[in-house]
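Asks: The following block contains the structure, expressed as structure tokens.
Number of protein chains: 2
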Amino acid sequence: MNWWRTDETHDPARTSWVASAQGHADFPIQNLPYGLFSREGEEEPRLGVAIGEAVLDLRACCEAGLLEAAGADACRAADANRLLALPVERRRALRRRISTLLSDPGWRGTVEGLLRDRAGCTVHVPARIGDYTDFYVGIHHATNVGRQFRPDTPLLPNYKYVPIAYHGRASSIRASGVPVRRPSGQRKPPDADEPVFGPTQRLDYELELGVWIGEGNALGTAIPITGAADHVAGFCLLNDWSARDFQAWEYQPLGPFLAKNFHSTISPWIVTAEALAPFRIAQAPRPQGDPSPLPYLWSEEDQAHGALSLVLEASLSTARMRREGVAPFRLSRGQAAAMYWTVNQMVTHHASNGCNLNPGDLLGTGTISAPGREGCGSLLELSEGGKRPLSLPTGETRAFVEDGDEISFRATAMAEGFVSIGFGECRAMVLAASS
Amino acid sequence: MNWWRTDETHDPARTSWVASAQGHADFPIQNLPYGLFSREGEEEPRLGVAIGEAVLDLRACCEAGLLEAAGADACRAADANRLLALPVERRRALRRRISTLLSDPGWRGTVEGLLRDRAGCTVHVPARIGDYTDFYVGIHHATNVGRQFRPDTPLLPNYKYVPIAYHGRASSIRASGVPVRRPSGQRKPPDADEPVFGPTQRLDYELELGVWIGEGNALGTAIPITGAADHVAGFCLLNDWSARDFQAWEYQPLGPFLAKNFHSTISPWIVTAEALAPFRIAQAPRPQGDPSPLPYLWSEEDQAHGALSLVLEASLSTARMRREGVAPFRLSRGQAAAMYWTVNQMVTHHASNGCNLNPGDLLGTGTISAPGREGCGSLLELSEGGKRPLSLPTGETRAFVEDGDEISFRATAMAEGFVSIGFGECRAMVLAASS
Numbered sequence: 001m002n003w004w005r006t007d008e009t010h011d012p013a014r015t016s017w018v019a020s021a022q023g024h025a026d027f028p029i030q031n032l033p034y035g036l037f038s039r040e041g042e043e044e045p046r047l048g049v050a051i052g053e054a055v056l057d058l059r060a061c062c063e064a065g066l067l068e069a070a071g072a073d074a075c076r077a078a079d080a081n082r083l084l085a086l087p088v089e090r091r092r093a094l095r096r097r098i099s100t101l102l103s104d105p106g107w108r109g110t111v112e113g114l115l116r117d118r119a120g121c122t123v124h125v126p127a128r129i130g131d132y133t134d135f136y137v138g139i140h141h142a143t144n145v146g147r148q149f150r151p152d153t154p155l156l157p158n159y160k161y162v163p164i165a166y167h168g169r170a171s172s173i174r175a176s177g178v179p180v181r182r183p184s185g186q187r188k189p190p191d192a193d194e195p196v197f198g199p200t201q202r203l204d205y206e207l208e209l210g211v212w213i214g215e216g217n218a219l220g221t222a223i224p225i226t227g228a229a230d231h232v233a234g235f236c237l238l239n240d241w242s243a244r245d246f247q248a249w250e251y252q253p254l255g256p257f258l259a260k261n262f263h264s265t266i267s268p269w270i271v272t273a274e275a276l277a278p279f280r281i282a283q284a285p286r287p288q289g290d291p292s293p294l295p296y297l298w299s300e301e302d303q304a305h306g307a308l309s310l311v312l313e314a315s316l317s318t319a320r321m322r323r324e325g326v327a328p329f330r331l332s333r334g335q336a337a338a339m340y341w342t343v344n345q346m347v348t349h350h351a352s353n354g355c356n357l358n359p360g361d362l363l364g365t366g367t368i369s370a371p372g373r374e375g376c377g378s379l380l381e382l383s384e385g386g387k388r389p390l391s392l393p394t395g396e397t398r399a400f401v402e403d404g405d406e407i408s409f410r411a412t413a414m415a416e417g418f419v420s421i422g423f424g425e426c427r428a429m430v431l432a433a434s435s
Numbered sequence: 001m002n003w004w005r006t007d008e009t010h011d012p013a014r015t016s017w018v019a020s021a022q023g024h025a026d027f028p029i030q031n032l033p034y035g036l037f038s039r040e041g042e043e044e045p046r047l048g049v050a051i052g053e054a055v056l057d058l059r060a061c062c063e064a065g066l067l068e069a070a071g072a073d074a075c076r077a078a079d080a081n082r083l084l085a086l087p088v089e090r091r092r093a094l095r096r097r098i099s100t101l102l103s104d105p106g107w108r109g110t111v112e113g114l115l116r117d118r119a120g121c122t123v124h125v126p127a128r129i130g131d132y133t134d135f136y137v138g139i140h141h142a143t144n145v146g147r148q149f150r151p152d153t154p155l156l157p158n159y160k161y162v163p164i165a166y167h168g169r170a171s172s173i174r175a176s177g178v179p180v181r182r183p184s185g186q187r188k189p190p191d192a193d194e195p196v197f198g199p200t201q202r203l204d205y206e207l208e209l210g211v212w213i214g215e216g217n218a219l220g221t222a223i224p225i226t227g228a229a230d231h232v233a234g235f236c237l238l239n240d241w242s243a244r245d246f247q248a249w250e251y252q253p254l255g256p257f258l259a260k261n262f263h264s265t266i267s268p269w270i271v272t273a274e275a276l277a278p279f280r281i282a283q284a285p286r287p288q289g290d291p292s293p294l295p296y297l298w299s300e301e302d303q304a305h306g307a308l309s310l311v312l313e314a315s316l317s318t319a320r321m322r323r324e325g326v327a328p329f330r331l332s333r334g335q336a337a338a339m340y341w342t343v344n345q346m347v348t349h350h351a352s353n354g355c356n357l358n359p360g361d362l363l364g365t366g367t368i369s370a371p372g373r374e375g376c377g378s379l380l381e382l383s384e385g386g387k388r389p390l391s392l393p394t395g396e397t398r399a400f401v402e403d404g405d406e407i408s409f410r411a412t413a414m415a416e417g418f419v420s421i422g423f424g425e426c427r428a429m430v431l432a433a434s435s
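Just so you know, the sequences run in chain order A and B.
In terms of full-length UniProt numbering, the first sequence opens at residue 1 and continues consecutively.
In terms of full-length UniProt numbering, the second sequence opens at residue 1 and continues consecutively.
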């Protein structure tokens, strides 16, 4: 079965005996994302599956003998790395099994006691992230930002040939909900002769998709584009917090470093590639005049099914908005399909030189901005480099993120004839810099 | 005791009862580097200490009850991460204990059976490297290379303020001896309209020091320059293999990616910060007119003791040279002190925005080129971008590294009144690209 084909687990008529799963915006029976959770007083976190407002405890399922032939060893672990490493067919078998346990009323008596209340759980970064790589496939973002850093050449000559990427920091990735400390660093005010050191004045978010790598490749071997999807285990939302003033000063010639490695926030549920099969769409044709991808990055299958029908939203809630009971302000809304390169192309390019990917590695897409102002995936773009601050319903304005602000992302996959699924929250509040 | 002070373990009069340690170029009793080794048929590697031509098996020492109060738990592990994480005082106590065991003839009867023949051991990457960061502190290298990429502005305006760095790839770091597969990738020939994909034509080595991080810092907290040395557990040699043609095409605007993440080679013995204490020297004064480091990067202690008296050498052996019995050709020889920033400044800068470092993280210095042609730490510099190939004793020439070539680095720490110590080999041969 190919990676874009659906099966009985996607059947819109399938329902769960878990009442809260019915019509759940994020976690109906058709989603079944994996996560790592703990309840108060538990030392070691355990793997679970989100279903409605509950979590199915996978270790407890193993202990009850419910997951035998379907990856039980991986489900017992204290992180998702072995689960991510499962070969595609075993991943699919596990999904079918869990879907049966949670939909077939005959299992309710056995399984109900293995559900935990999600509200009482802390959900963690699900895997040991070996390496984290951030791409730059949002061409509207690259153009919008490039224009501010390099007015004459917003898109560099390599952009339409190379899926541009850089290595990021794995150690500072945190799950949704963990507050972000405003970083200090060097910035050079435009009218100053020398840089100064202090808290960033231009803190920004970046709206991205994260990609969880499944099976790895050996060092020195490539991943052909036709096999790339087998290495993609799942997806999350990713906020690549950025200090724009540090970035402008430090990024030449080796790229971003302290401007981006102080904290990244992810939505902690791994929405599997299998769950997203119904939402596969064709990659948008390149504009007239653009070069074709080089042969190692091109396959008919990938062009036909390599994009996702996924709506991304970012919103902002200031301390004052929360105090006054004002609803979060929507910053942007756009289609994830606004990517110049597909996820499969990212994977194939990454391994094209023999670089070895490992289960639990995380790839970011880079900021995904859809065309137009409504689609902008960062404040740098929305405020045009700080020159046009946003007006909020409270009368406050924002050019960049201020202390006490909370940024939240959501994603919803939608397709005619299928039940929509969501990613859960990717949310973090900014704390004042350390004194 | 401060990090640059010596103790009885550095006493030049101290000798080991291990005969091969006497006058050993790398591993006399004054060195005692940690490594992870296995012998044929052993499944799990174990920690050891190199002494002369032998390895002291640390797990066996634990089992024999020889290391109780001095980090025994960490010494039993199957990687060096917990050993690196030990607080400085415990690291020192462990070093003193091992030095006693290997020097005091009274211990010979007990310890001799716990030595292994180093020639019969495979030595591995010693720790799980969580994150790998590569700096750019070799100012002569930055100038030499900058001139080729940007003739008008070899050193960018930030260089003398910011210890420039980027994140590298942890998964593809391998120990000395593991062959390097020539990578394929995109390059754009100067006269072509479009890039082509294929094996690199400009494969290069980069001569660097690696820094093993010891105790970490919590996310959101900085490491003051006066405390940075406590976070540096040890050193190694690092070859940051580079594909110069890929680099030139891909590096704008986010820095090097596939040009450098296909393979990095390290010398596998962790030469501890303690072992290097006698070789601490003052950081060379900055040239007249250069700015002072910003206050967060400056301490009197670091300026007085932050550099190392260490000679670095690179050599090349081609397939023909080996066939004809010709000795390896020395490519360069220079002082590691030719660094614009100290290791402590690298550590403090890295954590200055609250980025969390973890035990087992690896920092590279970036290529260390000493002044002048003899000091150049890469072929890009030695051959002036390929324009002036080197002549080898066999009559062969080299502008860049060819298949079958072996690149080898060595380092020797030297100081008046102390026994010199070495790092062991950092060596790898290049294999033809995969077809």
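Note that beta-carbon positions come from the ideal geometry of N, C-alpha and C, so glycine has one too.
Computed from a predicted model, the values in this text were never measured in an experiment.
Using a Cβ-Cβ distance under 8 Å, would residue 170/B count as near chain A?
Replies: Position 170 of the second sequence holds residue 170/B. So, interface residue.
Asks: Should residue 298/B be labelled buried (16 or more other beta-carbon atoms within 10 Å of its own) or exposed?
Replies: Looking up residue 298/B in the second sequence gives position 298. Result: exposed.
Asks: Hey, quick one: how far does the beta strand (DSSP E) through residue 212/B stretch, first residue to last?
Replies: Against the second sequence, residue 212/B aligns to sequence position 212. First-last of the beta strand (DSSP E) with residue 212/B: 207 to 213.
Asks: Would you report the Cα separation of residue 244/B and residue 111/B, rounded to the nearest angstrom?
Replies: Here residue 244/B refers to the residue found at position 244 of the second sequence. Here residue 111/B refers to the residue found at position 111 of the second sequence. Distance between the alpha carbons of residue 244/B and residue 111/B: 49 Å.
Asks: Would the stretch 169 to 186 of chain B and the stretch 419 to 433 of chain B be scored as touching if the rule is three or more Cβ pairs under 8 Å?
Replies: At 8 Å Cβ cutoff, the stretches touch.
Asks: Just reading off the alpha helix (DSSP H) that residue 436/B is part of, what are its end residues?
Replies: Nothing about residue 436/B can be read from this structure; chain B reaches only from 1 to 435.
Asks: How far does the beta strand (DSSP E) with residue 239/B in it reach, from first residue to last?
Replies: Start at 1 with the first residue of the second sequence, and residue 239/B comes out as number 239. That run of the beta strand (DSSP E) goes 232 to 239.
Asks: Could you check whether the stretch 8 to 18 of chain A touches the stretch 84 to 102 of chain A, counting it as contact only if at least three pairs of C-beta atoms, one from each stretch, sit closer than 8 Å?
Replies: Yes, since at least three Cβ pairs between the stretch 8 to 18 of chain A and the stretch 84 to 102 of chain A fall closer than 8 Å, the two stretches touch.
Asks: Which residues in the same chain have their Cβ closer than 8 Å to the Cβ of residue 213/A, if we skip the five residues on either side of it in sequence?
Replies: Sequence index remark: in the first sequence, residue 213/A carries index 213 (1-based). So the qualifying residues of the chain are 84, 231, 232, 233, 347, 357, 358, 359, 360, 361, 362 and 363.
Asks: My output table needs one value for residue 170/B: the three-state DSSP class, helix, strand or coil.
Replies: What you label residue 170/B is simply residue 170 of the second sequence in a count that begins at 1. Residue 170/B: coil per DSSP, three-state reduction.
Asks: Taking the CB atoms as reference points, tell me whether residue 222/B and residue 127/B lie closer together than 8 Å.
Replies: Residue mapping note: residue 222/B aligns to position 222 of the second sequence, counting from 1. Residue mapping note: residue 127/B aligns to position 127 of the second sequence, counting from 1. No, the Cβ-Cβ distance between residue 222/B and residue 127/B is not below 8 Å.
Asks: At a CB-CB cut-off below 7 Å, which residues of chain A make contact with residue 181/B?
Replies: Numbered from 1 along the second sequence, position 181 holds the residue referred to as residue 181/B. What residue 181/B touches in chain A: 220 and 354.
Asks: Using only the alpha-carbon positions, how far apart do residue 108/A and residue 72/A sit?
Replies: Residue mapping note: residue 108/A aligns to position 108 of the first sequence, counting from 1. Residue mapping note: residue 72/A aligns to position 72 of the first sequence, counting from 1. Cα-Cα distance, rounded: 20 Å.
Asks: Per DSSP, residue 391/A forms a beta bridge with which residues?
Replies: The residue labelled residue 391/A in the question sits at position 391 within the first sequence. Beta-bridge pairing links residue 391/A to 397/A.
Asks: What residue range is occupied by the uninterrupted alpha helix (DSSP H) comprising residue 381/A?
Replies: Locating residue 381/A in the first sequence gives position 381, counting from the first residue. 379 to 382 is the span of the alpha helix (DSSP H), which, as asked, contains residue 381/A.
Asks: Give me the Cα-Cα distance between residue 216/A and residue 20/B, rounded to the nearest whole angstrom.
Replies: Taking the first residue of the first sequence as position 1, residue 216/A is located at position 216. Taking the first residue of the second sequence as position 1, residue 20/B is located at position 20. About 43 Å.
Asks: DSSP three-state label for residue 368/A, please.
Replies: As a first step, residue 368/A must be located in the first sequence, where it is residue number 368. Residue state, collapsed to three classes: coil.
Asks: My assumption, with CB atoms under 8 Å, is that residue 54/A sits in contact with residue 116/A. Please give the rounded CB distance.
Replies: As a position in the first sequence, residue 54/A is number 54, starting the count at 1. As a position in the first sequence, residue 116/A is number 116, starting the count at 1. The pair is a contact, with the Cβ atoms about 6 Å apart (cut-off 8 Å).
Asks: Using a beta-carbon distance below 8 Å, is residue 130/B in contact with chain A?
Replies: Locating residue 130/B in the second sequence gives position 130, where the first residue counts as 1. By this cut-off, residue 130/B is an interface position.
Asks: On a CA-only basis, which of 267/A, 159/A and 342/A is nearest residue 281/A? Give me that one, please.
Replies: As a first step, residue 281/A must be located in the first sequence, where it is residue number 281. Looking at the Cα atoms, 342/A is the closest of the given residues.
Asks: Nearest by alpha-carbon distance to residue 270/A: which of 3/A, 65/A and 81/A is it?
Replies: In the first sequence, counting from the first residue as 1, residue 270/A sits at position 270. Looking at the Cα atoms, 81/A is the closest of the given residues.
Asks: Can at least three beta-carbon pairs, one atom from the stretch 407 to 424 of chain B and one from the stretch 314 to 323 of chain B, be found at a separation below 8 Å?
Replies: Yes, the stretch 407 to 424 of chain B is in contact with the stretch 314 to 323 of chain B.
Asks: Which residues, in chain order, does the stretch 3 to 29 of chain A contribute to contact with chain B at a C-beta distance below 7 Å?
Replies: So nothing in the stretch comes that close.
Asks: Should residue 123/B and residue 268/B be called a contact, given that it needs their Cβ atoms to be closer than 8 Å?
Replies: Position 123 of the second sequence, counted from the first residue, corresponds to residue 123/B. Position 268 of the second sequence, counted from the first residue, corresponds to residue 268/B. A contact, by the Cβ cut-off of 8 Å.
Asks: How big is the Cα-Cα spacing for residue 392/B and residue 250/A?
Replies: As a working note, residue 392/B is residue 392 in the second sequence. As a working note, residue 250/A is residue 250 in the first sequence. Taking the straight line joining both Cα atoms gives about 40 Å.
Asks: Between residue 162/A and chain B, is there a C-beta pair that is closer than 8 Å?
Replies: As a first step, residue 162/A must be located in the first sequence, where it is residue number 162. Yes, its Cβ sits closer than 8 Å to a Cβ of chain B.
Asks: Which of helix, strand or coil does DSSP assign to residue 63/B?
Replies: Residue numbering aside, residue 63/B sits at position 63 when the second sequence is read from its first letter. If DSSP states are grouped into helix, strand and coil, residue 63/B belongs with the helices.
Asks: Just to check my reading of the structure: residue 157/B and residue 147/B have Cβ atoms closer than 8 Å, yes? What is that Cβ distance to the nearest angstrom?
Replies: Within the second sequence, the letter at position 157 stands for residue 157/B. Within the second sequence, the letter at position 147 stands for residue 147/B. Residue 157/B to residue 147/B, Cβ: 16 Å. No contact.
Asks: With distances taken between CB atoms, is the gap from residue 130/B to residue 219/B smaller than 8 Å?
Replies: For the purposes of this step, residue 130/B is taken as residue 130 along the second sequence, with counting starting at 1. For the purposes of this step, residue 219/B is taken as residue 219 along the second sequence, with counting starting at 1. It is not a contact, given that the beta carbons lie outside the stated cut-off.
Asks: So, using beta-carbon positions, are residue 401/B and residue 204/B closer together than 8 Å?
Replies: By 1-based counting over the second sequence, the position of residue 401/B is 401. By 1-based counting over the second sequence, the position of residue 204/B is 204. Against a cut-off of 8 Å, the Cβ pair of residue 204/B and residue 401/B comes out as a contact.
Asks: Please state whether DSSP places residue 297/A in a helix, a strand or coil.
Replies: Position 297 of the first sequence holds residue 297/A. Residue 297/A: helix per DSSP, three-state reduction.
Asks: Taking only beta-carbon atoms, is residue 435/B less than 8 Å away from chain A?
Replies: Reading the second sequence from its first residue, position 435 is the one you call residue 435/B. Chain A contact via Cβ: absent.
Asks: Quick one: measure Cβ to Cβ for residue 195/B and residue 182/B, integer angstroms, because I've assumed they're closer than 8 Å.
Replies: Taking the second sequence and counting its residues from 1, one reaches residue 195/B at position 195. Taking the second sequence and counting its residues from 1, one reaches residue 182/B at position 182. Contact doesn't hold; Cβ gap of about 18 Å is too wide.
Asks: Near residue 411/B, which residues of its chain fall below 6 Å by C-beta distance, leaving aside the five closest residues on each side in sequence?
Replies: The residue labelled residue 411/B in the question sits at position 411 within the second sequence. Answer for residue 411/B: 237, 310, 312 and 423, listed in chain order.
Asks: Could you list which residues in chain B have their beta carbon closer than 8 Å to that of residue 418/A, in chain order?
Replies: Here residue 418/A is taken as the residue at index 418 of the first sequence, counted from 1. Under the 8 Å cutoff, chain B gives no residues; its nearest Cβ is about 36 Å from residue 418/A.
Asks: Restricting to Cα atoms, I'd like to know which of 14/A, 59/A and 36/A is closest to residue 28/A.
Replies: As a working mapping, residue 28/A is identified with position 28 in the first sequence. The shortest Cα separation from residue 28/A among 14/A, 59/A and 36/A belongs to 14/A.
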